[in-house]
Amino acid sequence: MEANVTHQILICLGSSCHSRGNAENLKYIQEFLKDRQIDSNIDFRGHLCNEMCKRGPVIEIDEQVYEGVTQSNLPIILSNHFDKAKCI
Ligand code: FES
143 MEANVTHQIL ICLGSSCHSR GNAENLKYIQ EFLKDRQIDS NIDFRGHLCN EMCKRGPVIE
203 IDEQVYEGVT QSNLPIILSN HFDKAKCI
């Protein structure tokens with residue numbers, strides 16, 4: 143990781159997760175990080191299917207796995223992790 147990178151977000155871009163919500167979740171996360179000007183602190187990358195499709199869409203933040211991520215729970219997940227924790 144680069145020196146200023148303090149966190150990592152992994153998003154599954156396998157076909158199941160992608161079609162069930164991670165396409166929209168990807169855009170939301172990009173906007174969230176950009177709005178808070180923390181995008182340069184986050185190693186945000188996609189990965190292929192890792193066999194958790196039934197529990198998807200899946201994202202992972204600093205090794206914490208979130209399953210069933212939707213547009214309704216994603217804002218809470220990100221806010222709890224990056225706003226309330228003030229850990230940037
Ligand atoms: S497509 Fe995401 S776990 Fe399989």
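Residues in the sequence shown are numbered consecutively from 143, following our numbering. Where a beta carbon is used, it is the ideal one built from N, C-alpha and C, also for glycine. Just so we're clear, the structure is a prediction, and the values are computed from it rather than from any experiment.
Three-state secondary structure (DSSP) of residue i
i, result
"Q150", "strand"
"R242", "Given that the chain is displayed from residue 143 to residue 230, the structure contains no residue 242 and the question cannot be resolved."
"G210", "coil"
N-terminal and C-terminal residue of the beta strand (DSSP E) that residue i is part of
i, result
"F224", "Unbroken run through F224: none, as it is neither H nor E."
"E202", "201 to 203"
"R162", "Note, R162: premise wrong, no beta strand (DSSP E); not H, not E."
"R197", "Unbroken run through R197: none, as it is neither H nor E."
"G156", "Run containing G156: none; DSSP gives neither H nor E here."
beta-carbon residue i near the ligand FES non-hydrogen atom, thresh 8 Å
i, result
"E193", "yes"
"V200", "yes"
"G188", "no"
C-beta atoms of residue i and residue j nearer than 9 Å
i, j, result
"C159", "V200", "yes"
"V235", "N183", "What is shown of the chain runs 143 to 230, which leaves residue 235 out entirely."
"Q150", "D181", "no"
"I153", "L168", "yes"
"R187", "F224", "no"
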